[in-house]
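S.K.: In terms of our numbering, the numbers along the sequence shown are unbroken and rise by one, the last being 146.
Heads up, the beta-carbon is just placed ideally off N, CA and C, and yes, glycines get one too.
Values in this document were obtained by computation on a predicted structure and should not be read as measured data.
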Amino acid sequence: MVARLVDPRFAARDEVVLERATPELAPAHVEAQTRFVRYENEHVELGVESASAGWLVLTDTFYPGWRADVDGAPAEIVAADGFARAVHLEPRRHRVRFRFVSRSLRFGLALSAVGVFVLVAIRCWRRLSSGRRASTRRT
């Protein structure tokens with residue numbers, strides 16, 4: 008992949024090098040209109056209209072936490088040009104959404120919730136235990 012990317016004949020604006028093998032598309036210059044509907048750190052939404060099939064390449068960093076959907080249906084994101092995100096599109100108008108879902112954040116939140124639950128359980132157990140000890144001393 009690196010050899011192809013550094014080849015002086017590689018036209019980065021018109022070609023894409025994908026991380027894995029995909030169905031071959033007819034080599035052609037694809038005319039498409041793309042507009043950003045929303046662009047935030049963890050959410051990108053685009054409107055795309057194309058007369059032929061091709062790859063939408065978003066030159067943000069590819070990272071495993073990104074998810075995509077095309078017209079509301081889940082879509083596979085493929086690493087493109089070694090660093091970017093690409094989604095395959097069929098010819099027509101599409102709404103493409105990318106959103107970042109951090110697994111480490113979810114894991115951290117779940118771990119924190121378990122920790123809070125354990126602390127509350129220990130506190131309740133201590134209260135119940137001290138209440139029992141106090142009632143047995145009085146008799």
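1) Applying the 10 Å Cβ sphere with the 16-neighbour rule, what's the burial state of GLY61?
2) Go ahead and pull the three-state DSSP assignment for PHE107.
3) Going by the DSSP bridge assignment, what does LEU116 pair with across the sheet?
4) Using alpha carbons as the reference points, say which of GLU97, GLY79, ARG133, PRO71 lies closest to VAL85.
5) Rounded to the nearest angstrom, what separates ILE129 and VAL123 at their Cα positions?
6) Just to confirm the assignment, what range does the beta strand (DSSP E) spanning PRO71 have?
7) Run through the DSSP bridge pairs and tell me what GLY61 is partnered with.
M.R.: Looking at the atomic coordinates:
1) Numbered from its first residue, the sequence shown carries residue 61 at position 54. GLY61 is buried by the Cβ-count criterion.
2) Here residue 107 refers to the residue found at position 100 of the sequence shown. Of the three classes helix, strand and coil, the one that applies to PHE107 here is strand, per DSSP.
3) Sequence index remark: in the sequence shown, residue 116 carries index 109 (1-based). Answer by DSSP bridge pairing: none, since LEU116 is not bridged.
4) On the sequence shown, position 78 is the one that residue 85 refers to. Checked all of GLU97, GLY79, ARG133, PRO71; the closest Cα to VAL85 is PRO71.
5) If you number the sequence shown from 1, residue 129 lands on position 122. If you number the sequence shown from 1, residue 123 lands on position 116. So the alpha carbons of these two residues sit roughly 10 Å apart.
6) To locate residue 71, count along the sequence shown from 1; it is residue 64. Note, PRO71: premise wrong, no beta strand (DSSP E); not H, not E.
7) Translated into the one-based positions of the sequence shown, residue 61 becomes position 54. GLY61 pairs with LEU96.
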